[in-house]
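With my numbering, the residue at position 36 of the sequence shown is 37, and numbering never jumps. What follows is a single structure, written as structure tokens, with notes after it.
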Amino acid sequence: MKKLSIFLMLIICLNNTYSFAVDKPTELENKIFKNLRCLICQGQSVYDSQSDFAESMKIVVRKNLKSGMSEKDIYQFMRNNYGEWVLYDPEINKGTYLLWGLPFLFFLIGGAIILRKLGVLKR
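Pasting the structure below:
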């Protein structure tokens, strides 16, 4: 019994001395993870997802950051490999005009309908 106690104490001391945990993500890594969409979960960011795909994307992001790529370079890399949809915040370009403009168009149409129902706008 005494040997078992000593053995357990040794294990506890070694565990406290040598951390077996994976390095915690930096703020920049977390920011990038939150801006990338998991292609498996589709509704979650890479930060929130626990899928194997999300974990592999995290590894790729960390590797690219260590190799000296900037945040913008990583987004471009992901866009080139997985398409525009992988980003939660796509850039404004010819392919995304409708994506960015549609909410404003709906807002204007909805506002006009409401004003018309209230009698402010007349035919």
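For glycine and all other residues, C-beta sits at the position ideal for the given N, C-alpha and C.
Out of curiosity, what's the CA-to-CA distance linking F54 and I115?
The straight-line gap from Cα to Cα measures roughly 45 Å.
For the alpha helix (DSSP H) holding L106, just list the boundary residues, first then last.
Note, L106: alpha helix (DSSP H), Y98 to L119.
Relative to the C-alpha of K32, which residue among V47, F105 and Q43 is closest?
With distances taken between CA atoms, K32 lies nearest to V47 out of V47, F105 and Q43.
Give me the Cα-Cα distance between I75 and K95, rounded to the nearest whole angstrom.
Approximately 21 Å between the Cα atoms of the pair.
Let me know if L103 comes out buried or exposed under the rule of 16 or more other beta-carbons within 10 Å of its beta-carbon.
Label assigned to L103: exposed.
Considering only the alpha carbon of each residue, which of N82, L119 and C42 lies closest to V61?
Taking the Cα of V61 as reference, the smallest distance to any Cα among N82, L119 and C42 is reached at N82.
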